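I have placed the structure first, in the form of structure tokens, so that the comments after it can refer back to it.
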Amino acid sequence: MRILARMDTIIRDLHRHVGHPVTIKGWLYNRTDKGKLVFMQVRDGSGICQAVVFKRDVDEATFETALRLPQESSLIITGEVRADPRAPGVPSGFEIGVRSLQVVQRAEEYPITPKEHGVDFLMDHRHLWIRSTRQWALLRVRATVMRAIRQWLDSNGYVEMSTPILTPSAAEGTTNLFEVGYFDQKAYLAQTGQLYNEANIFAFGKVYCFGPTFRAEKSKTRRHLTEFWMVEPEIAYCDLEHLLEIEEQMVSYIVHTVLTENQNELKVLGRDRSKLEHITPPFPRITYDEAIAKIKELQAQTDDEEQKQLLDITWGMDFGSPHETALTQLYDKPLFVTGFPSAVKAFYMEPYPDRPEVCKSADLLAPEGYGEIIGGSERISDPELLLKRIRDQGLPEEAYRWYIDLRKFGSVPHSGFGLGVERTVTWICGTEHIREAIPFPRTIYRLYP
RNA sequence: UCCUCGAUAGCUCAAUGGGCAGAGCACCCGGCUGUUAACCGGGGGGUUACUGGUUCGAGUCCAGUUCGAGGAGCCA
-18 MRILARMDTI IRDLHRHVGH PVTIKGWLYN RTDKGKLVFM QVRDGSGICQ
32 AVVFKRDVDE ATFETALRLP QESSLIITGE VRADPRAPGV PSGFEIGVRS
82 LQVVQRAEEY PITPKEHGVD FLMDHRHLWI RSTRQWALLR VRATVMRAIR
132 QWLDSNGYVE MSTPILTPSA AEGTTNLFEV GYFDQKAYLA QTGQLYNEAN
182 IFAFGKVYCF GPTFRAEKSK TRRHLTEFWM VEPEIAYCDL EHLLEIEEQM
232 VSYIVHTVLT ENQNELKVLG RDRSKLEHIT PPFPRITYDE AIAKIKELQA
282 QTDDEEQKQL LDITWGMDFG SPHETALTQL YDKPLFVTGF PSAVKAFYME
332 PYPDRPEVCK SADLLAPEGY GEIIGGSERI SDPELLLKRI RDQGLPEEAY
382 RWYIDLRKFG SVPHSGFGLG VERTVTWICG TEHIREAIPF PRTIYRLYP
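When the letters of the first sequence are read in order and numbered with the working numbering, they come out as residues -18 to 430.
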């Protein structure tokens, strides 16, 4: 009998070991048998490969074990790697001819089968669902997206600054926040780190924060989570035009990093790569005024009464999701909409000098109806104007004292944006629902598991 | 908060006009040397979400409750 070398190999790299023995430590994803053959699909976190147990190659006890092993049992297998076009897997085309099999734990009956399941059931079993191929692929893409964001920012001179998650008051005054007890005071979970980053730029020039943010909105749609991850770059000496260039560079870098590094994952997801390959700067730019005109045009063209109703809009209103969807379907790249009415945006956005009713703001809308993935703006740099805006909106002036201070000691034009990680992942993966783009989603009716 | 839809075996679903609660998958047993959600034969498995009502009889009809999903609004 041949002595098999023991070495740890990961499934993703099997192609490098054809003709050689390998040891894989993983879990049994699925199994089927045919007489003297047992086909096992084995996962190890990096991929899935087929392991074939042939009765003549192993002792009787090993064959019997393979034949009876329940789904999701943990196991260590050793055998020779073969290239075989019949072999399924991620990546496919390689399999292991099993010589030895060690069961680490024989699993109990596993609730999630390779058959179909309902959303409610899967969400209740999210802790197990993440093992399924599709979820595995999505979450690996998410990890790439987050890594690409850091890589791009770090290599372009941005300094990562952690901003507080426990905050004393509403940062923007626009959204509902989660209230938590803070000794004898009340605190709120952060909805943004932006205001703190505006302090950070005066120390570091270009900064970003990257972490979870919280919104207590009772949103009940496929685009919303109550806890989601956002990266927020903030740049000193930066106007809106410059900001848009930064955004399109970064988003393009993220997309192309995923295209390069997650080929297997995109294949599992059935994502059409041609929808992503042309995502390169520049992205189209339209103004809010132009967007309103386009939406009205689309509204006039449709015969669907319900759609006509949903697309109804007048100048001054913020976009609803039907408007965003209709707009983005006109383009095959992410779309910048600039110059929103100041009244529908946050208090700190710089108005246009010749037209103060609109502000230097820009949303980036992902194509294929995925909607807003970035909100950004140039910030007000004049302390007097900022104070006026705070007063006009009825915000607690005292809470913003430090923020106004920033404009008194070397104020400069500056801009920043926030990119929602899960929305970006949902778009890049071409998937239906944002809840699959984060390991353990928090939505209005879900806090378990 | 509003609108729509749903809850039956572990899972996905079916059950004619109110008349014996069923199938596929999963699980267990048997067969097969290339399965791709294998296939073939056999087996066990039910508080029909909950509460009440109508009826000789309710999974089915009525009222309420709970939980969930999709959408709107809100928001990124």
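Here a beta-carbon is modelled for each residue, glycine too, at the ideal position from N, C-alpha and C. Quick caveat: nothing in here was measured; it's all calculated off a predicted structure.
Residue closest to residue i, alpha-carbon to alpha-carbon, out of the options
i: L308; options: E349, G320 and L119; result: E349
i: F321; options: R128, A281 and I273; result: I273
i: P95; options: V212, D105, N11 and A32; result: N11
i: Y91; options: I57, V126, Q52 and I77; result: Q52
i: K256; options: Y312, L103 and Y333; result: Y312
i: T207; options: I227, A171, F328 and L224; result: A171
i: L279; options: D(-11), D293, R382 and P332; result: D293
i: V239; options: I260, E226 and D220; result: I260
i: E179; options: V100, G411, T412 and R388; result: R388
i: L316; options: H(-4), S233, D101 and G60; result: S233
i: D253; options: C410, R(-7), R416 and A184; result: C410
i: Q132; options: T(-10), H237 and A281; result: H237
Same chain, Cβ closer than 7 Å to residue i, neighbours up to 5 away in sequence not counted
i: A(-14); result: Confidence at A(-14) is low in this model, with a pLDDT of 49, below 50, so the placement of that residue should be treated as unreliable; the coordinate-derived value is given next. Result list for A(-14): P2, in chain order.
i: V71; result: G28, I29, T114, N245 and V249
i: L120; result: I111 and P420
i: G297; result: P322 and A324
i: N243; result: R121, V122 and T125
i: E160; result: K167 and Y169
Helix, strand or coil at residue i [DSSP, three-state]
i: M211; result: strand
i: Y218; result: coil
i: S55; result: strand
i: H237; result: helix
i: A274; result: helix
i: I93; result: coil
i: F398; result: strand
i: Y381; result: helix
i: M21; result: strand
i: E359; result: strand
i: N11; result: strand
i: T319; result: strand
i: A64; result: strand
i: E305; result: helix
i: P337; result: strand
i: M434; result: Residue 434 lies beyond the range of the chain shown here (-18 to 430); nothing can be said about it.
i: Q116; result: helix
i: E228; result: helix
i: M127; result: helix
i: P364; result: helix
i: V393; result: coil
i: T268; result: strand
i: I(-16); result: No answer about I(-16) holds up, because its pLDDT of 48 lies below 50 and its placement is not dependable.
i: D(-11); result: strand
i: K167; result: strand
i: A459; result: Any answer about residue 459 is impossible in this case: the structure gives the chain only from -18 up to 430.
i: S136; result: helix
i: T4; result: strand
Cut-off 8 Å between Cβ atoms - residues of its own chain near residue i, not counting five sequence neighbours on either side
i: P337; result: S323
i: V(-1); result: V62, R63, A64 and F75
i: G352; result: R204, S302, E305, T306, T309, L346 and R404
i: V39; result: A47, V79, R80, S81 and L82
i: W210; result: M127, F191, G192, P193, T194, G401, V402, E403 and I419
i: I(-16); result: Confidence at I(-16) is low in this model, with a pLDDT of 48, below 50, so its placement is unreliable and the value that follows should be read with caution. None.
i: L103; result: I93 and W110
i: H414; result: R203 and T407
i: T156; result: Q172, R196, A197 and E198
i: D105; result: Y429 and P430
beta-carbon residue i near the ligand HEM non-hydrogen atom, thresh 8 Å
i: T295; result: As presented, the structure is devoid of all ligands, the ligand HEM included, so that no description of it is given.
Spatial neighbours of residue i in its chain, beta-carbon cut-off 6 Å, leaving aside the 5 residues before and after
i: K17; result: K36
i: L428; result: none
i: S187; result: Reading the sequence as shown, one finds Lys at residue 187 and not Ser. Once the five neighbours on either side are set aside, the close Cβ partners of K187 are G138, Y139 and I216.
i: M330; result: C340, S342 and S358
i: W8; result: R24, E53 and S55
i: K275; result: none
i: I58; result: I5, A32, V79 and L82
One or two residues paired with residue i in a DSSP bridge
i: C410; result: DSSP output for C410 lists no bridge partner at all.
i: V71; result: I29
i: Q252; result: Per the sequence presented here, residue 252 reads as Arg, with Gln not at that position. According to DSSP, R252 bridges with nothing at all.
i: Y189; result: E141 and P214
i: K150; result: Lys is not the amino acid found at residue 150; the sequence shown has Ser there. For S150, which the question treats as bridged, DSSP gives no partner whatsoever.
i: R427; result: T424
Touch test, the segment 36 to 46 against the segment 78 to 94, Cβ-Cβ under 8 Å, three pairs minimum: Touching, yes, given that three or more Cβ pairs across the two stretches are closer than 8 Å.
Does the structure place the segment 135 to 152 close enough to the segment 101 to 115 that three or more beta carbon pairs sit under 8 Å? Segments in contact, no.
Using a Cβ distance threshold of 8 Å, determine whether the segment 196 to 212 contacts the segment 371 to 389, with at least three qualifying pairs required. No: fewer than three Cβ pairs fall under 8 Å.
Report yes or no: do the segment 376 to 395 and the segment 205 to 218 share at least 3 C-beta pairs separated by less than 8 Å? As far as the Cβ criterion goes, the segment 376 to 395 touches the segment 205 to 218, which means the pair count is three or higher.
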